[in-house]
Amino acid sequence: MLVFGPMAPAQNHVRRAMEKARQRQEEMARTQVNSENPAASAGAGYLRVLVENGDTTYYDILPPTYIFGRGSKQSDKNWREYYKLVWRFARVYPYAIASGQLKNEVDSVLTATNYKGLRKQMYMDAVQDQLFKDFEGSLRNMTISQGALLLKLIARETGLTSYEIIHDYKNSVAAGFWQAIAKLFDNDLKSNYDPTGADKDLEELVQIWKAGNFPALYWSVFWEDPPVVKVPERYSQN
């Protein structure tokens, strides 16, 4: 039906009002969903919305920002140690994560197959050969201090010291041999991990990494992106 004369502006006004009402209803529905599940809008490019007692509040959660003046505190011993810790951590932690994934996989295979004796030894020899193929080149290029840090992080990710891993999955002779080699380089395969004591700063870095904020911290310290440590996909975390 066509409308002429003074009725046309009135009809257009009603149409616009109805459209605004529809848009308002859609917005209220989205607000209700977000208020019941604030994470629903996370990562979608929208601010989170909270409706409480009829009041609407828009909010977001920003990642932490770490600010260090370039070259600051270089004469401070504690700062230099922290600087070195962050640098080493960036280069070894991915390998520690891989060790945790590998332990879980090996445990699953041994449980499922109930390998004992010679069969277990053959399986562990195959795992060891694969490890050498995947990591020998990278680990040979590590410094002694990086190696010591890696041992600490392996203990954290697996719940076992490196000595216990070799002892339990290979044998006591192998564990004793590699412990002796480690001692020659001032390392200790029996090093435990103490997240609330000696390794408190290291544990803080682990938590920052797991929260996805380590690149921001690394940039703040070194003014560059952290290195990309490539670990074979078979060891990646699911």
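Terminal number for the sequence shown in this note's numbering: 385, no gaps in between.
Every residue gets a Cβ at the ideal spot worked out from N, C-alpha and C, and that includes glycine.
Query	Result
Cα-Cα separation, Ser309 to Leu297	10 Å
Tyr340 to Asp346 span [Cα, whole Å]	7 Å
Close-in-space but distant-in-sequence residues of the same chain around Met148 (CB under 8 Å, 5 per side omitted)	Low confidence applies to Met148: its pLDDT is 38, below 50, so where it sits in the model is not reliable enough to give any reading.
Classification of Glu380 by the beta-carbon crowding that lies within 10 angstroms, buried from 16 upward	exposed
Rounded C-alpha distance that separates Asn311 from Lys337	First, the amino acid is wrong: residue 311 is Glu here, not Asn. Straight-line Cα distance between these residues: approximately 7 Å.
Where Glu371 falls: helix, strand or coil (DSSP)	coil
Residues near Val378 in its chain [Cβ-Cβ closer than 6 Å; skip 5 each side]	Pro241 and Ala245
Contact under 8 Å by Cβ, Leu232 with Leu349	yes
As assigned by DSSP and simplified to three states, the class of Thr258	helix
Cβ-heavy atom distance, Gly201 to the ligand GDP, below 7 Å	In the structure on display, the ligand GDP does not appear, and there are no ligands present to speak of.
Tyr229 to Phe369 span [Cα, whole Å]	12 Å
Proximal residues to Thr305 (C-beta, below 8 Å), its chain only, five neighbours per side dropped	Ser246, Gly247, Lys250 and Ile312
Residue of Gly344, Val239 and Gly284 minimising C-alpha distance to Gln293	Val239
Whether Pro342 touches Ala237 by CB criterion (8 Å)	no
Buried/exposed call for Leu265, threshold 16 Cβ in 10 Å	exposed
Run of the beta strand (DSSP E) containing Val461, from where it starts to where it stops	For residue 461 there is no data in the structure shown, the boundaries of the chain being 148 and 385.
Under the three-state DSSP convention, the category Asp202 falls into	strand
Outcome for Phe279 when other beta-carbon atoms lying within 10 angstroms are tallied against a minimum of 16	exposed
Extent of the continuous alpha helix (DSSP H) to which Leu278 belongs	Gly264 to Arg287
DSSP three-state assignment for Ala243, whether helix, strand or coil	helix
For Leu209 and Trp234, the rounded distance between their alpha carbons	25 Å
Terminal residues of the alpha helix (DSSP H) in which Val353 lies	Lys347 to Lys357
Under 8 Å between C-beta atoms of Arg287 and Ala243	no
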